[in-house]
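A.B. asks: Before I ask anything, here is the structure I am working with.
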Amino acid sequence: MLTLYSFGPGANSLKPTLALYEKGLEFEHRLLNPAKFEHHEDWYKALNPRGQVPALDDDGRIVTESTVICEYLEDAHPTDVKLRPEDPYDIAQMRVWTKWVDEYFCWCVSTIGWHRHVSRMVKDKSDEEFEAIVARIPIPEQQVKWRRAREGFPQDMLDEEMRKIALSVKRLDDHLRDQEWLAGEAYSLADICNFAIANGVEKGFAELVNANDTPGLLRWIEQINERPATKAMFANVPREF
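Read in order, the letters of the sequence shown are residues 8 to 248 in this note's numbering.
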């Protein structure tokens, strides 16, 4: 039995969720509420000591890290739907794109998201309440991020992250103006993992992502949103609490 623990179909949680829907695998979806800090509860940290989502429980075997979970599903639960290319070169290109989104694109979008949205979860907490929340976070870097979210991110950091977002959407658009998909000629985990971060950027960063400046990127986002698996995922799983 597969059980996926996630925040729902957004950001890193979207990656394995969409992969499961694309592959048509049966699974139990356990949604955690980030506003209640359920991912820092002791019962969840017993599953994933890092206190992060998503996490996959495959009959007692716990797999963490969103992109790793996606590749694990390809290896441990093969289906007629293949989300990894056949050609070794295309596989390499897929992994270049998934590595890039994990190490670069995700982080700059995440920082702005924390600044605009996540910070609201702790703005009104008392010092005592906030310290109790931070004390339950197992990753020191995440503790720093929560403190910055509450105090306010430095403007030079926000400016740098916006610069990186501009470079990121241009890189995606430059590729997608000439290619239907990111790695080879077929839809793959490269597309799923980048879509998880890119979906919605036209609303959050309209000055960077629009029909005039990034037509290739917008075409690709719309194309993935029109896939039956994507529609089913968004219809069945709430996007937010």
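Ideal Cβ positions, reconstructed from N, Cα and C, are used throughout, including at glycine.
Please return the same chain residues whose Cβ sits closer than 8 Å to the Cβ of Ile146, not counting the five positions on each side in sequence.
C.D. replies: Taken in chain order, the residues that qualify are Arg57, Gly58, Gln59.
A.B. asks: By the three-class DSSP mapping on this structure, what secondary structure does Asp65 have?
C.D. replies: DSSP places Asp65 in strand when its eight states are reduced to three.
A.B. asks: Given this structure, state the Cα-to-Cα distance separating Arg226 from Phe137, to the nearest angstrom.
C.D. replies: About 42 Å.
A.B. asks: Do Pro245 and Gly15 have their CB atoms nearer than 9 Å?
C.D. replies: Contact flag set, yes.
A.B. asks: Taking the straight line between their C-alpha atoms, what separation do you get for Thr24 and Pro161?
C.D. replies: So the two alpha carbons sit approximately 33 Å from each other.
A.B. asks: Using the rule of at least 16 other Cβ atoms within 10 Å of the residue's Cβ for burial, across every protein chain shown, is Ser13 buried or exposed?
C.D. replies: Buried.
A.B. asks: Return the residue from the list Ala26, Thr10, Leu9, Gly17 that minimises the CA-CA distance to Ile199.
C.D. replies: Of the candidates Ala26, Thr10, Leu9, Gly17, the one whose C-alpha sits nearest the C-alpha of Ile199 is Ala26.
A.B. asks: Buried or exposed: which applies to Arg127, given that a residue is buried once 16 or more other Cβ atoms fall within 10 Å of its Cβ?
C.D. replies: Answer is exposed; the Cβ neighbour count stays below 16.
A.B. asks: Can you tell me which of Ala156, Ile144, Cys113 puts its alpha carbon nearest to the alpha carbon of Asp131?
C.D. replies: Asp131 has its Cα closest to that of Ala156, out of Ala156, Ile144, Cys113.
A.B. asks: Report the CB separation of Lys152 from Ser73 in whole angstroms; it is logged as a contact under 8 Å.
C.D. replies: Actually they are not in contact, since the Cβ atoms of Lys152 and Ser73 sit about 18 Å apart, beyond 8 Å.
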